[in-house]
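This report concerns only the one structure given below.
Protein chains: 2
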Amino acid sequence: MTLDAALKPHDRLAAALSDDLAQVTQTLHDYMQSDYAPRIPQVSAHLIDAGGKRLRPMLTVAAARLCGYTGPHHIHLAATVEFIHTATLLHDDVVDESKQRRGRPTANLLWDNMSSVLVGDYLFSRAFQLMTVTGSMPILAALADASATIAEGEVLQLTTARDLGATADTYIRVARGKTAALFSAATKVGAMLADVSAAQVQAMHDYGDALGIAFQIADDLLDYTGTDAIGKNRGDDLREGKLTLPVIYALAQADADERIFWERTIGKGDVGDDDLAEALRIMTRHGALAETAAEARRWSARAKAALQALPDQPLRDMLADLADFVVERLS
Amino acid sequence: MTLDAALKPHDRLAAALSDDLAQVTQTLHDYMQSDYAPRIPQVSAHLIDAGGKRLRPMLTVAAARLCGYTGPHHIHLAATVEFIHTATLLHDDVVDESKQRRGRPTANLLWDNMSSVLVGDYLFSRAFQLMTVTGSMPILAALADASATIAEGEVLQLTTARDLGATADTYIRVARGKTAALFSAATKVGAMLADVSAAQVQAMHDYGDALGIAFQIADDLLDYTGTDAIGKNRGDDLREGKLTLPVIYALAQADADERIFWERTIGKGDVGDDDLAEALRIMTRHGALAETAAEARRWSARAKAALQALPDQPLRDMLADLADFVVERLS
């Protein structure tokens, strides 16, 4: 195995696209400034310079390059996508009353909820200013649609939390809102910049959508089966009453005692120290964990299938490897 | 005096533009729907149907009509402007921990902060979707700029609260962010739809800007001198440590004792029952209230002066009357 092949797919993408991504980082810094309100760049930098993987802007840049785009606007759109993502993180941490993000205290803890809400609004506005640089109304419409889907998904998650009647369909809709809508917008607008067919734009969208859903399912499965990663603790979703796919599958086959368990924990939020182990026993008994992993793999396969419509280039292989990697974590 | 003349200017504008405004209300209702998250229209309707004066959408419609626009897009832009306004109200009430708005409990009290943050984000996204209907990139850029200015002004207000060093310049900047940026964007984009000169677009912008600043100064003055209006209590700004123009003018002439008073109240937030009366005594002694009223009148006059560049029509007279009305409340 060569050194290059040993790198994770997003590291290989980052290396292949390093010049573009350096420009994206520069654009993020340029646009997060404020002439009058120094708290704006302070709060923004806390998230933007926190060492995130820049996965979403990388998807935009990769999609644009894979589709043969040679202009400058993929940089603006990649920064747009990262600003929308950062704004939603700031607002999510207020909504969830989170104290940690990426292993560091959240902005709402370091400053206050007000700063997080308002700086989020500012970055969201800056995102729209950045889009207008492209001069493309269809691209703006795609990103406005994605933003609406994100907020709608978050409200749906909020209002269906602790609702044991939530279905796998509802779960996918929430996952699309929370994660996949921005992934698919990121890849789609990259393709829209280039001179490719509508079918290829759709394929790039479908790749992002399926990748995002696979990513969210994997994340939710690891919340039960993973090791404690930085900034995220195993069992958070159980404690917070989030009805994720492993629970939905286990609930579908629950006997009377198990139903009482889920009603007490997910439904009422009465979660003790032994309940995570008990949840895992119930899930294992019904094959809910394996079923969830299989569903994640189906979405990963859909992402790779969508790529077939796109040019056969090294970047395409890296995007396919990324779809594999998302679910490799599960075995 | 005829019945018509006895009506307040915004009532006369509402009557003159009633067909357009009915379409705006219909568009607001159409776009605040959600297929999956019923809480979105519930929270939205709580504000949008609360009987606000629809001043901002009225400005967009009036500007478009005054400039001779005959197409359909002023409706979309008026709804855009009202959605941006509604989103900022939802977020402001979270930031200020407000309990009342327009004489009713706030959304954050009736539902929760999370719903207010996320539904605000949704309406903000819908606002951008509505803009794209016009197909005009310069209009989108103007509204994105206004949104950034609003958020920046709010952050500036947050970070300069209780700071006795804040100047009249800072105050005007905050007022522009809180209020005037959306007023001026509302009037400007109405004009941009029509086939008028750049000078007339600028004049329509300047009218909205000056009207908004006059409006904010008047509002802040009435916080000290007005009668308790529905949903707003006299003395709120003193209790909340907001450094508004009457305080800034009084501070500029404060003797040592008065400075101690302002440091304790505005600076440290230690405000007792008698302090509003004492604040008024100090302001009156230095002419700070009269000076504030005069500044509001200067901005009102600027608004009217800007209208001179626009067609001499009944709508223009109503807009001029509106500028007068904003400061008439002060005498």
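Chains as they are written, first to last, in the numbering used here: chain A, 1 to 331; chain B, 1001 to 1331. Virtual Cβ for every residue (Gly too), placed ideally from N, Cα, C.
Should residue 1006 of chain B go down as buried or exposed, given a rule of 16 or more other Cβ atoms within 10 Å for buried? exposed
When you compare only the Cα positions, how much space is there between residue 1209 of chain B and residue 16 of chain A? 48 Å
Here's a check: name, in chain order, each residue in its chain whose Cβ is nearer than 7 Å to the Cβ of residue 1094 of chain B, leaving out the five neighbours to either side. 1108, 1113, 1116, 1117
Considering Cα atoms alone, identify which of A:149, A:161, A:165 is closest to residue 184 of chain A. A:149
Nearest chain B C-beta to residue 171 of chain A closer than 8 Å, yes or no? no
Quick check on the DSSP output: what are the complete beta strand (DSSP E) runs of length 3 or more inside the stretch 1168 to 1203 of chain B, in order along the chain? none
Would you mind stating whether residue 1130 of chain B and residue 1083 of chain B have Cβ atoms separated by less than 8 Å? yes
Out of B:1104, B:1059, B:1078, B:1022, state which residue places its alpha-carbon closest to the alpha-carbon of residue 1043 of chain B. B:1104
If contacts are defined as beta-carbon pairs under 8 Å, then residue 1128 of chain B and residue 128 of chain A qualify, I think. What distance do you get, rounded to the angstrom? 6 Å
Output yes if chain A places a C-beta closer than 8 Å to the C-beta of residue 1156 of chain B; else output no. yes
Could you compute how far the alpha carbon of residue 238 of chain A sits from the alpha carbon of residue 1039 of chain B? 24 Å
Within 8 Å (strictly less), CB to CB, does residue 40 of chain A reach chain B? yes
Which of helix, strand or coil DSSP assigns to residue 1105 of chain B: strand
Among A:123, A:62, A:182, whose alpha-carbon lies nearest the alpha-carbon of residue 152 of chain A? A:182
Between residue 1372 of chain B and residue 1290 of chain B, what straight-line distance do the alpha-carbon atoms span, to the nearest angstrom? Limits of chain B in this structure are 1001 at one end and 1331 at the other, which puts residue 1372 of chain B out of reach.
Could you please give the first and the last residue of the uninterrupted alpha helix (DSSP H) stretch that includes residue 1057 of chain B? 1055 to 1066
Would you say residue 1032 of chain B lies against chain A (beta-carbon separation less than 8 Å)? no
Are the C-beta of residue 205 of chain A and some C-beta of chain B separated by less than 8 Å? no
Residues of the stretch 1116 to 1129 of chain B whose Cβ lies closer than 7 Å to any Cβ of chain A, in chain order: 1117, 1118, 1119, 1121, 1122, 1124, 1125, 1126, 1128, 1129
Same chain only: Cβ atoms within 8 Å of residue 192 of chain A, ignoring 5 sequence neighbours per side: 136, 138, 139, 142, 201
For residue 1095 of chain B, which residues in chain A fall below 8 Å Cβ to Cβ? 113, 114, 117, 118
Within the stretch 1105 to 1174 of chain B, ranges of the alpha helix (DSSP H) (whole runs, at least 4 residues): 1107 to 1110, 1113 to 1132, 1137 to 1160
Go ahead and pull the three-state DSSP assignment for residue 26 of chain A. helix
Could you have a look at residue 1230 of chain B and say whether DSSP puts it in helix, strand or coil? Low confidence applies to residue 1230 of chain B: its pLDDT is 48, below 50, so where it sits in the model is not reliable enough to give any reading.
For the stretch 1131 to 1163 of chain B, which residues have a CB atom closer than 7 Å to at least one CB atom of chain A, in sequence order? 1132, 1135, 1137, 1140, 1141, 1144, 1145, 1147, 1148, 1151, 1152, 1154, 1155, 1156, 1158, 1159
Using a Cβ-Cβ cut-off of 7 Å (strictly less than) and excluding sequence neighbours within five positions of residue 280 of chain A, which residues of its own chain qualify? 224
Name the chain A residues whose beta carbon is nearer than 7 Å to that of residue 1037 of chain B? 152, 155, 156, 159
Would you mind working out which of A:60, A:274, A:271 sits nearest residue 315 of chain A, comparing C-alpha positions? A:60
Cβ neighbours of residue 1283 of chain B in the same chain (closer than 6 Å, five flanking residues each side left out): 1246, 1250, 1289
Do residue 47 of chain A and residue 89 of chain A have their beta-carbon atoms positioned less than 8 Å apart in this structure? yes
Local conformation of residue 1216 of chain B per DSSP, three classes: helix
First and last residue of the uninterrupted alpha helix (DSSP H) at residue 265 of chain A: No alpha helix (DSSP H) contains residue 265 of chain A, which DSSP labels as neither H nor E.
So, with DSSP's three-state summary, where would you put residue 1253 of chain B? coil
Residues of the stretch 1077 to 1101 of chain B with a CB closer than 7 Å to any CB of chain A: list them in chain order, please. 1091, 1094, 1095
Close Cβ partners of residue 295 of chain A (< 7 Å) along its chain, the five nearest in sequence each way excluded: 217, 245
Reducing DSSP to helix, strand and coil, say where residue 42 of chain A ends up. helix
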